[in-house]
Every structure is written in structure tokens, then in C-alpha cells.
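Trainee:
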Amino acid sequence: MKKILLLLLAMFMMSGCGNSAQEKSPVETEKALAAPSTADKKILVVYFSRTGEEYGLGNITKGNTAIVADIIAQKVGADIFEIKAATPYPDNYDACLELAKKELESNARPAVVGNVDNFAQYDTIFIGYPIWYAALPRVILTFIESNDFNGKTIIPFCTHAGSGLTGTERELKEACPNSKVLNGLAIIGKTAQNDSAAVQKDVDAWLKTLGY
Ligand SMILES: Cc1cc2nc3c(=O)[nH]c(=O)nc-3n(C[C@H](O)[C@H](O)[C@H](O)COP(=O)(O)O)c2cc1C
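Start counting at 1 in the sequence shown, then tack on 576, and there's your number in our numbering.
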């Protein structure tokens, strides 16, 4: 009987029970369950981009922001979703300028088509857009207000003709007060269209600062 008890005690100690350093306290176990590893986190790249006549570029068939969005999604292994206006923006540059100005002045929310499948599954959302009048195109706000961004990490990127991100990071913070908005990336539209190597380099350097 004594031998059996000793054997059971030895097995108990070998199994790592008792005071093993590897054992997790209930609090640690709870924490581990609440905070999935980076590998479990799903990433989404959403973007809005326009084709047609573009300033200094002529007629483009793939938008500048779309090009950058593809590169980011491929590098971070994200799903990708294009925000499309229900009424597409004019191909004509001047007509687009006029419409976008009206939308900005009236703080419009132009309708968008389609929805992200199971938006809740994503922890991190890269949001890409062209700078329009030093601001976010209003369709970006339509998208944001149609989805629950609470608790998500937002990473902005834009293409532009010289103004950089301007106040768009702040606009995103205001639109998503319960999200964490990280430092964004700004790429000149012409570079996106004509110099893939330069974009790759900029994207790599930026992603590195974000811990990717
Ligand atoms: C309506 C409109 C407004 C724009 N306003 C600005 C601006 O304020 N600052 C800037 O640098 N570029 C501005 N641009 C240029 C675009 O931001 C730039 O060409 C961008 O790369 C276009 O991206 P996309 O091809 O993805 O639509 C504007 C373009 C349009 C059509």
C-alpha cells in the first residue's frame, strides 16, 4: 500500500502538477484566453480609389490607392475590400473635383455598395484613400459609420498629389473615438502609379515601424 502511495506521488510530481513553474494561475489562463496571439489576429485592408482621368497621369485603369492597398495586403497577409460608391465618381477630373467639393461642403455620406463579410472577425483595419481637398473622401466616412470600429486598431494610408495625410488621421480619430489610430503612410499618386520599387520600400519601412 505504501509503495502504491509513493508511486502515485512520484507520478503526480512528474506530471507537472503542484508547484510547477509552467503552471498558469487562473488569472494568467484568463488573460491568455482574452488576448489571442498575433497569429490569431485577422487583418483587413479596406480602400477607396478612383480610376479615369487623374491629374498629371492621364487616364488610369487602376487607382493609385488601389495599387498601394494591394501591396500592403500582400505584405501583411490581409483580406482586402474595395469601398465602391453606389454612384461611381466621374471619370472626368474636373467633374470629380466639383462633385467631391460639394460632398465635402455638405458633409455628405454617399451611399456605398457591398459589405465586408463578418467585419467583427478583424482586429486591425488598414484604411486607404486618396486625399480629397485635404480631407477624407466622404465615402470613407459612410463606410466607417456603417461598421462597428469599437476596439479596433486603424492604420491609415493615403495617396495624394503633394499634401500628405494632412488632417485625415485626426478625422479618423474623431470618427472612431473608441479605436486606436496608428501613424499613417502617405504616398504620392504618381509614385504609386509609376515606381513600384519605391512604394515597396516605403511600405516596408513603414510596416517595420508598426511592428510588422
Ligand atoms: C476630388 C479630388 C481632390 C483632390 N484633392 C487633393 C488635395 O487636397 N491634396 C492632394 O495632395 N491631392 C489631391 N488630389 C489628388 C489625389 O489625392 C491623388 O491623385 C490620389 O493619388 C488619387 O488616388 P486614387 O487614384 O486612388 O483615387 C485630389 C484629387 C481629386 C480627384
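Here a beta-carbon is modelled for each residue, glycine too, at the ideal position from N, C-alpha and C.
Every value quoted in this text rests on a predicted model; they were computed, and no experiment measured them.
Starting from residue 741, trace the beta strand (DSSP E) in both directions and tell me its first and last residue.
Mentor: Here the question's residue 741 lines up with position 165 in the sequence shown. Per DSSP, residue 741 belongs to no beta strand (DSSP E) and is neither H nor E.
Trainee: What are the complete alpha helix (DSSP H) segments, minimum 4 residues, inside the region 639-678?
Mentor: Fully enclosed alpha helix (DSSP H) runs of 4 or longer: 640-652.
Trainee: Is it the case that the Cβ atoms of residue 764 and residue 730 are separated by a distance below 8 Å?
Mentor: Within the sequence shown, numbered from 1, the residue matching residue 764 stands at position 188. Within the sequence shown, numbered from 1, the residue matching residue 730 stands at position 154. No, these two residues do not count as a Cβ contact at 8 Å.
Trainee: What ranges does the beta strand (DSSP E) occupy inside the region 679-713, keeping only unbroken runs of at least 3 residues that lie completely in it?
Mentor: 698-706, all fully within the region 679-713.
Trainee: In chain order, what residues of the same chain lie with their CB nearer than 6 Å to the CB of residue 605, ignoring the 5 residues before and after it?
Mentor: Taking the sequence shown and counting its residues from 1, one reaches residue 605 at position 29. The pLDDT assigned to residue 605 is 43, lower than 50, so where the model puts this residue is not dependable; a value taken from the coordinates is nonetheless given after this. Once the five neighbours on either side are set aside, residue 605 has no close Cβ partner at all.
Trainee: Check for me: the alpha helix (DSSP H) holding residue 783 runs from which residue to which?
Mentor: Here residue 783 refers to the residue found at position 207 of the sequence shown. Residues 772-785.
Trainee: Apart from the five residues just before and just after residue 747, which ones in its own chain have a Cβ nearer than 7 Å to its Cβ?
Mentor: Residue numbering aside, residue 747 sits at position 171 when the sequence shown is read from its first letter. Cβ neighbours of residue 747 beyond the five flanking positions: 711 and 712.
Trainee: Given residue 752, which residues of its chain have a CB within under 7 Å of its CB, disregarding the five upstream and five downstream residues?
Mentor: In the sequence shown, residue 752 corresponds to position 176, counting from 1. Correct list, in chain order: 720, 725 and 730.
Trainee: In angstroms with no decimal places, state the Cα-to-Cα distance between residue 663 and residue 688.
Mentor: In the sequence shown, residue 663 corresponds to position 87, counting from 1. In the sequence shown, residue 688 corresponds to position 112, counting from 1. Going by the C-alpha atoms only, they are around 8 Å apart.
Trainee: Just verifying my parser: in three-state terms, what is the DSSP assignment at residue 728?
Mentor: Taking the first residue of the sequence shown as 1, we reach residue 728 at position 152. Residue 728 falls in the coil class under three-state DSSP.
Trainee: Check this for me: beta carbons of residue 768 and residue 644, under 8 Å apart or not?
Mentor: Within the sequence shown, the letter at position 192 stands for residue 768. Within the sequence shown, the letter at position 68 stands for residue 644. Contact: yes.
Trainee: By the 10 Å Cβ neighbour count, where 16 or more other Cβ atoms means buried, how is residue 639 classified, buried or exposed?
Mentor: What you label residue 639 is simply residue 63 of the sequence shown in a count that begins at 1. Residue 639 comes out buried.
Trainee: Would you kindly check if the distance between the Cβ of residue 701 and the Cβ of residue 622 is under 8 Å?
Mentor: Residue 622 sits at position 46 when you count from the first residue of the sequence shown. Residue 701 sits at position 125 when you count from the first residue of the sequence shown. It is a contact, given that the beta carbons lie within the stated cut-off.
Trainee: So what does DSSP say about residue 719, is it helix, strand or coil?
Mentor: Translated into positions along the sequence shown, residue 719 becomes position 143. If DSSP states are grouped into helix, strand and coil, residue 719 belongs with the helices.
Trainee: Quick check on residue 633: does DSSP put it in helix, strand or coil?
Mentor: Within the sequence shown, numbered from 1, the residue matching residue 633 stands at position 57. In the structure shown, residue 633 sits in coil (DSSP, three-state: anything other than H, G, I, E or B).
Trainee: Might you give, ordered along the chain, the residues of its own chain that have their beta carbon closer than 7 Å to the beta carbon of residue 786, omitting 5 neighbours on each side?
Mentor: Here residue 786 refers to the residue found at position 210 when the sequence shown is read from its first residue. These residues qualify, in order along the chain: 731 and 758.
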